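Enquirer: In my numbering, the protein residues as written are 1318 to 1483.
Every residue gets a Cβ at the ideal spot worked out from N, C-alpha and C, and that includes glycine.
It should be emphasised that the depicted structure is a prediction, and the values quoted were computed from it without experimental measurement.
Take a look at this one; I'll ask things after.
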């Protein structure tokens, strides 16, 4: 799997109004957490950053959200994955991104989309209806081995047949 490079800039904690101004200027507030020990208060170590909305959305559309990232935070480079993306309920615009630092030698659990390949025989020949219930599955792997998607061949499925992911 390739690593996608994302340019970030450090930011300070901001009020709700200032975060709104940041978004209006084409930047998305984000946080990078994990892997950095704990702060004095016992909280998880986190870095506040911001990313360019246009380039981040372009990367999401091209690569998807289950990709290994190399975040450039100033002169520092951090391997991370996207843990959560928050969107505005009405406009669907990005409002916040959570990145999680990863150790390249330790397995992590990620959600991977299930991609159906082919057309089910029961749908094609017998007029059946395909029920695609599981849209993504959890996969445990090393960060360098994160699959882009899991392809499932459904061309031999007839009416009454099913597939189970285990």
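Where does residue 1383 fall in DSSP's three states?
Expert: Three-state result, residue 1383: coil.
Enquirer: Answer with buried or exposed for residue 1325, where buried requires no fewer than 16 other C-beta atoms within 10 angstroms of its C-beta.
Expert: Classification for residue 1325: buried.
Enquirer: From this set, 1349, 1374, 1457 and 1439, which residue's C-alpha is nearest residue 1473's C-alpha?
Expert: The option with the nearest alpha carbon to residue 1473 is 1439.
Enquirer: In terms of residue numbering, what span does the beta strand (DSSP E) encompassing residue 1396 cover?
Expert: From DSSP, the beta strand (DSSP E) with residue 1396 extends over 1393-1404.
Enquirer: Check whether the segment 1447-1465 and the segment 1417-1432 touch, using three or more Cβ-Cβ pairs below 8 Å as the test.
Expert: Yes, the segment 1447-1465 touches the segment 1417-1432.
Enquirer: Would residue 1363 and residue 1346 qualify as a contact pair, given that the criterion is a beta-carbon distance under 9 Å?
Expert: No, the pair does not count as a contact, with Cβ atoms beyond the cut-off.
Enquirer: Is residue 1374 helix, strand or coil by DSSP?
Expert: DSSP places residue 1374 in helix when its eight states are reduced to three.
Enquirer: What are the boundary residues of the alpha helix (DSSP H) that includes residue 1336?
Expert: Residues 1333-1341.
Enquirer: Tell me, which residues are paired with residue 1367 by DSSP?
Expert: Residue 1367 is bridged to 1326 and 1346.
Enquirer: With burial defined as no fewer than 16 other Cβ atoms inside 10 Å of the residue's Cβ, what is the status of residue 1341: buried or exposed?
Expert: Per the 10 Å Cβ criterion, exposed.
Enquirer: Quick one: give me the first and last residue of the beta strand (DSSP E) that residue 1433 is part of.
Expert: Looking at the DSSP string, the run of the beta strand (DSSP E) that includes residue 1433 is 1425-1434.
Enquirer: Pick out whichever of 1320, 1453, 1470 and 1433 has its Cα sitting closest to the Cα of residue 1376.
Expert: Checked all of 1320, 1453, 1470 and 1433; the closest Cα to residue 1376 is 1320.
Enquirer: Measure from the alpha carbon of residue 1389 to the alpha carbon of each residue in 1413, 1409, 1435 and 1348, then state which is nearest.
Expert: Selected option, being the one with the closest Cα: 1348.
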